[in-house]
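Some notes on the structure that comes next.
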Amino acid sequence: MRVYAVDVLVIGAGAAGMAAAAAAAREGARTVLLERGERLGGVLEQCIHPGFGLHRYREELTGPEFAHRLRGELEDSGADVLTGITALEVFPDGPKVKAVSPRGLKAFSPKAVVWAAGARERPFGALRIPGTRPAGIFTAGLAQRLLDLEGFLPGKRAVILGSGDIGLIMARRLHLEGVEVAAVLEIQPFPGGLTRNVVQCLHDFGIPLLLSHTVAEVHGRERLTGITAVRVDEHRRPIPGTERHIEADTLILSVGLIPEVRPIEGLVALDPVNRGPRVNGWLQTEAPWLFAAGNCVAVFDLVDTVAELGERAGAAAARYAVGELPAGKKVPLVRGENVTALVPSYLDGAAEGARIYLRVPRPLEGVTVDLGGVVRRPVRVARPAEMIGITLDGDALSELSRREEIVVEVKRSG
Amino acid sequence: MSEKKLVCVSCPMGCELTVVLEGKEVVSVSGNRCPRGEEYARAEAVEPRRVLMTLVRVEGGMDRVVSVKTDRPIPLRLFPKAMERVRELSVKAPVTIGTVVEKDFLTTGANLIATRFAR
């Protein structure tokens with residue numbers, strides 16, 4: 287087996303990977319980008335709705351248009367791109383990456399690796415919903431791929447479980463293409479997605495949103511015939527007597543994304559809440575040669591953020607490959623009150639330009655984001671659907687990096 | 338006089354707006370916590386506009402469909418009619434991103450354009 291020596295190997299050609307490979311190549315690193323599929327762009331190619339790129343390109347693009355811009359940047363950068371090749375194993379000695387393509391096994395010996403494999407959808411099996419196991423149950427991303435990339439309708443009458451943005455977007459897409467959307471069910475007492483999407487995907491078309499509801503049972507032998515919807519209490523326990531039958535041949539699940547870490551999970555520590563690798567301000571994991579960016583680190587809201595982090599990781603990997611990435615004392619970020627997702631996991635004084643991203647567990651009004659008592663940012667409304675991003679200036683960074691740890695919390699103002 | 342309830346999407350606050358209308362004239366807007374809310378309510382109460390995103394059939398290629406959008410927002414009330422029209426359309430492969438699939442779509446002044454490549 288031939289071993290290809292490169293400076294930076296990027297795995298995954300979604301938004302994070304394309305931005306990382308382009309940035310690494312622009313830094314002068316010999317860069318190779320591996321993609322298991324045939325198309326570059328990852329999930330963007332099937333996200334045909336507008337709303338992408340407002341931060342990065344100052345205009346509103348659809349997913350495929352955003353991907354097209356990134357492909358242009360990638361091409362201009364001079365990075366080499368290989369498609370139809372899947373990274374199977376990552377070995378810390380060397381390091382080395384083994385990959386497989388229809389032409390056989392290939393091995394790479396990079397000086398630095400950027401892991402940018404994205405996230406996977408939480409599947410039906412993980413929900414443990416009682417009932418039969420008929421055809422007609424799809425994760426939202428799969429239904430989106432079938433409809434918007436491949437051109438097939440998944441069914442005639444659908445129920446959507448989960449009101450995250452993907453679920454809301456799919457409600458609108460299915461409705462427009464002639465699939466009747468009976469209801470969107472949300473187990474929490476508030477919508478999972480952005481208000482904008484609740485208005486423009488549901489209200490616009492009169493699609494009902496049932497809050498504090500879930501699917502108690504699925505019915506049907508060969509094909510789904512309906513579901514039992516049930517109201518839940520504040521502890522998400524079904525309330526007896528509130529069951530109702532909803533006829534449907536299709537159940538769409540929008541119940542969360544999980545960072546893809548399989549080939550690297552034994553190599554580095556993962557964050558238990560983000561479920562991706564713990565990274566520092568350079569997006570560098572605990573294995574110094576391994577960087578990670580995008581939804582494989584934590585699930586982000588905006589592709590603009592994912593591309594920005596990809597660029598940061600790619601450029602840092604290129605600097606690491608030539609021994610020029612500065613490293614300072616690693617100070618852990620610790621979750622205080624009202625913080626779920628939190629990136630990065632460590633800061634150090636050398637990680638100039640680092641941004642901190644965090645998410646709150648429920649809607650909060652009139653709060654302040656507090657970073658170790660050094661940075662205090664008031665936020666009028668914080669919602670779980672919208673990550674909060676805070677850029678650290680040089681003074682704040684050097685002050686914070688002298689600490690033993692940095693507690694990050696969201697507290698009531700005043 | 339009639340009343341319309343709206344949720345403002347100008348920012349994450351999501352103010353609940355009440356718009357009082359006299360026919361097609363906006364008489365008053367309340368519930369907004371900033372001027373953007375009033376602006377949003379005035380446009381939204383009279384004629385909400387949205388970008389339409391959908392698919393057009395591709396002929397003679399490997400891809401069955403290509404994604405399209407209107408290159409500017411069109412009145413939301415035209416969406417059912419727009420979807421009927423879109424089902425009649427088709428394009429020949431290959432399709433380049435940015436191709437105009439239909440000019441002056443439904444005489445709205447907006448063009449329907451391809452948003453990705455189709456082989």
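Residue numbers (my numbering), protein chains in the order written: chain R, 287 to 700; chain G, 338 to 456.
We treat Cβ as the ideally placed atom computed from N, Cα and C, and that holds for glycine.
(message) Relative to the C-alpha of L392 of chain G, which candidate in R:V484, R:L428, R:P618, R:C333 has its C-alpha closest?
(response) Start at 1 with the first residue of the second sequence, and residue 392 of chain G comes out as number 55. Checked all of R:V484, R:L428, R:P618, R:C333; the closest Cα to L392 of chain G is R:C333.
(request) Please list the partners that T369 of chain R has in chain G, where partner means a Cβ-to-Cβ separation under 9 Å. (result) Locating residue 369 of chain R in the first sequence gives position 83, counting from the first residue. Ordered by position in chain G, no residue passes the 9 Å Cβ test against T369 of chain R, which lies about 14 Å from the chain.
(request) Can you check DSSP and say which residues form a bridge with D366 of chain R? (result) As a working note, residue 366 of chain R is residue 80 in the first sequence. Residue pairing for D366 of chain R: DSSP places it in a beta bridge opposite R:V318.
(message) Quick check: the Cα distance between A291 of chain R and P412 of chain G, rounded to an integer number of angstroms?
(response) As a working note, residue 291 of chain R is residue 5 in the first sequence. As a working note, residue 412 of chain G is residue 75 in the second sequence. Between A291 of chain R and P412 of chain G, the C-alpha separation is close to 56 Å.
(request) Pull out every residue of the stretch 422-447 of chain G whose Cβ sits closer than 7 Å to any Cβ of chain R, in chain order. (result) For the stretch 422-447 of chain G, which is checked against every Cβ of chain R, the residues closer than 7 Å are I434.
(request) Could you tell me the distance, in whole angstroms, from the CA atom of A599 of chain R to the CA atom of L569 of chain R? (result) For the purposes of this step, residue 599 of chain R is taken as residue 313 along the first sequence, with counting starting at 1. For the purposes of this step, residue 569 of chain R is taken as residue 283 along the first sequence, with counting starting at 1. Roughly 5 Å separates the two Cα atoms.
(request) Under 8 Å between beta-carbons, which chain G residues line up against D451 of chain R? List them in chain order, please. (result) Counting from 1 along the first sequence, the entry for residue 451 of chain R is found at position 165. Going along chain G, no residue has its Cβ under 8 Å from D451 of chain R, so there is no contact; the nearest lies around 13 Å.
(message) With a threshold of 8 Å between beta-carbons, can R357 of chain R be considered close to chain G, or not?
(response) Locating residue 357 of chain R in the first sequence gives position 71, where the first residue counts as 1. Closer than 8 Å: no.
(request) Would you mind working out which of R:E472, R:L588, R:D535, R:R688 sits nearest R419 of chain R, comparing C-alpha positions? (result) Mapped onto the first sequence, residue 419 of chain R falls at position 133. Taking R419 of chain R as reference, the option from R:E472, R:L588, R:D535, R:R688 with the minimal CA-CA separation is R:D535.
(request) List the residues of chain G whose Cβ lies closer than 7 Å to the Cβ of V485 of chain R, in chain order. (result) In the first sequence, the residue the question calls residue 485 of chain R occupies position 199. In chain order: V344, V346.
(request) List in chain order: all unbroken alpha helix (DSSP H) runs of 4+ residues lying wholly within the stretch 397-461 of chain R. (result) Runs found: 426-430.
(message) Counting only Cβ pairs nearer than 8 Å, list the residues of chain R close to R379 of chain G.
(response) As a working note, residue 379 of chain G is residue 42 in the second sequence. Under the 8 Å cutoff, chain R gives no residues; its nearest Cβ is about 16 Å from R379 of chain G.
(request) Could you say which of R:S498, R:L480, R:D451 lies nearest to L471 of chain R if we only look at CA atoms? (result) The sequence position of residue 471 of chain R within the first sequence is 185, counting from 1. The residue from R:S498, R:L480, R:D451 with its alpha-carbon nearest to that of L471 of chain R is R:S498.
(message) Within the continuous alpha helix (DSSP H) that includes L686 of chain R, where are the two ends?
(response) By 1-based counting over the first sequence, the position of residue 686 of chain R is 400. In the DSSP assignment, L686 of chain R falls within the alpha helix (DSSP H) that extends over 680-686.
(request) Name, going along the chain, the residues of the stretch 430-454 of chain R whose beta-carbon falls closer than 9 Å to a beta-carbon of chain G. (result) Answer set for the stretch 430-454 of chain R: L433, D434, L435, E436, G437, F438.
(request) Step through the CB atoms of chain R and report whether any lies within less than 8 Å of the CB of K361 of chain G. (result) On the second sequence, residue 361 of chain G is found 24 positions in, with the first residue counted as 1. Chain R has no Cβ within less than 8 Å of the Cβ of K361 of chain G.
(message) Looking at chain G, is there any beta carbon in it that lies within less than 8 Å of the beta carbon of V655 of chain R?
(response) Here the question's residue 655 of chain R lines up with position 369 in the first sequence. Using a Cβ-Cβ cut-off of 8 Å, V655 of chain R does not count as an interface residue toward chain G, since no Cβ of chain G sits closer than that to its own.
(message) Between the stretch 433-446 of chain R and the stretch 516-526 of chain R, can you find at least three pairs of beta-carbon atoms closer than 8 Å?
(response) With the cut-off at 8 Å, the stretch 516-526 of chain R and the stretch 433-446 of chain R do not touch.
(request) Please decide whether R341 of chain R counts as near chain G, where near means a Cβ-Cβ distance under 8 Å. (result) Locating residue 341 of chain R in the first sequence gives position 55, counting from the first residue. Looking at the sequence itself, residue 341 of chain R is His, so the reference to Arg does not match. Judged by the 8 Å Cβ criterion, H341 of chain R is not in contact with chain G.
(request) Leaving out five residues on either side along the sequence, give the residues of the same chain with a beta carbon under 8 Å from the beta carbon of A308 of chain R. (result) Taking the first residue of the first sequence as position 1, residue 308 of chain R is located at position 22. Shown here for A308 of chain R: same chain residues with a beta carbon closer than 8 Å to its own, the five before and five after excluded, namely L356, E359, L360, D362, S363, A365, E597, G600 in chain order.
(request) Check the Cβ-Cβ distances between R698 of chain R and every residue of chain G, and say whether any is below 8 Å. (result) By one-based count along the first sequence, residue 698 of chain R stands at place 412. Closer than 8 Å: no.
(request) Name the residue from G:T407, G:K429, G:E362, G:E396 whose alpha carbon lies nearest to the alpha carbon of T445 of chain G. (result) Start at 1 with the first residue of the second sequence, and residue 445 of chain G comes out as number 108. Residue G:T407 is the option with its Cα nearest to T445 of chain G.
(request) Report the residues of the stretch 381-397 of chain G with a CB closer than 7 Å to any CB of chain R, ordered along the chain. (result) From the stretch 381-397 of chain G, only R387, V388, M390, T391, L392 have a Cβ closer than 7 Å to chain R.
(request) Return yes when the Cβ of R386 of chain G is within less than 8 Å of the Cβ of V395 of chain G, no when it is not. (result) Here residue 395 of chain G refers to the residue found at position 58 of the second sequence. Here residue 386 of chain G refers to the residue found at position 49 of the second sequence. In this structure, R386 of chain G does not lie closer than 8 Å to V395 of chain G by Cβ.
(request) Report yes or no: do three or more beta-carbon pairs, one from the stretch 498-516 of chain R and one from the stretch 384-400 of chain R, lie closer than 8 Å? (result) The stretch 498-516 of chain R makes no contact with the stretch 384-400 of chain R; the number of CB pairs closer than 8 Å stays below 3.
(request) Along the alpha helix (DSSP H) that carries F416 of chain G, what are the first and last residues, could you check? (result) Position 79 of the second sequence, counted from the start, is the residue given in the question as residue 416 of chain G. Unbroken alpha helix (DSSP H) run through F416 of chain G: 416-425.
(message) For chain R, check one thing: does any of its Cβ atoms lie closer than 8 Å to the Cβ of M338 of chain G?
(response) For this step, residue 338 of chain G is matched to residue 1 along the second sequence. At a cut-off of 8 Å between beta carbons, M338 of chain G makes no contact with chain R.
(request) Check each residue of the stretch 397-408 of chain G: if its Cβ is closer than 7 Å to any Cβ of chain R, include it; give the result in chain order. (result) Against chain R - using a Cβ distance shorter than 7 Å - the residues of the stretch 397-408 of chain G are R401, V402, S404, K406.
(message) For L354 of chain G, would you say it is in contact with chain R, using Cβ-to-Cβ distances shorter than 8 Å as the test?
(response) The count along the second sequence starts at 1 and reaches residue 354 of chain G at position 17. With respect to chain R, the C-beta atom of L354 of chain G has no partner C-beta closer than 8 Å.
(request) List the residues of chain G whose Cβ lies closer than 7 Å to the Cβ of R666 of chain R, in chain order. (result) Position 380 of the first sequence, counted from the start, is the residue given in the question as residue 666 of chain R. Listed by position along chain G, the residues whose Cβ is nearer than 7 Å to that of R666 of chain R are M350.
(request) Say whether chain G places a C-beta atom closer than 8 Å to the C-beta of R482 of chain R. (result) Reading the first sequence from its first residue, position 196 is the one you call residue 482 of chain R. It does: the Cβ of R482 of chain R has a partner Cβ on chain G nearer than 8 Å.
(message) Applying the 10 Å Cβ sphere with the 16-neighbour rule, what's the burial state of L340 of chain R?
(response) Translated into the one-based positions of the first sequence, residue 340 of chain R becomes position 54. Result: exposed.
(message) Rounded to the nearest angstrom, what separates K382 of chain R and E691 of chain R at their Cα positions?
(response) Stepping through the first sequence from its first residue, residue 382 of chain R is reached at position 96. Stepping through the first sequence from its first residue, residue 691 of chain R is reached at position 405. Their backbone Cα atoms lie some 33 Å apart in a straight line.
(message) 8 Å is my cut-off, CB to CB: does I493 of chain R come that close to chain G?
(response) Along the first sequence, one-based indexing puts residue 493 of chain R at 207. I493 of chain R has a beta carbon lying at 8 Å or more from every beta carbon in chain G.
(message) Which same chain residues end up closer than 7 Å to A373 of chain R when comparing Cβ atoms and leaving out the 5 residues on each side of it in sequence?
(response) In the first sequence, counting from the first residue as 1, residue 373 of chain R sits at position 87. Excluding its 5 nearest sequence neighbours in each direction, A373 of chain R has C-beta neighbours in its own chain below 7 Å: I297, L320, V383, A385, P549, listed in chain order.
(message) Could you give the first and the last residue of the continuous beta strand (DSSP E) run that contains P618 of chain R?
(response) As a working note, residue 618 of chain R is residue 332 in the first sequence. From DSSP, the beta strand (DSSP E) with P618 of chain R extends over 617-621.
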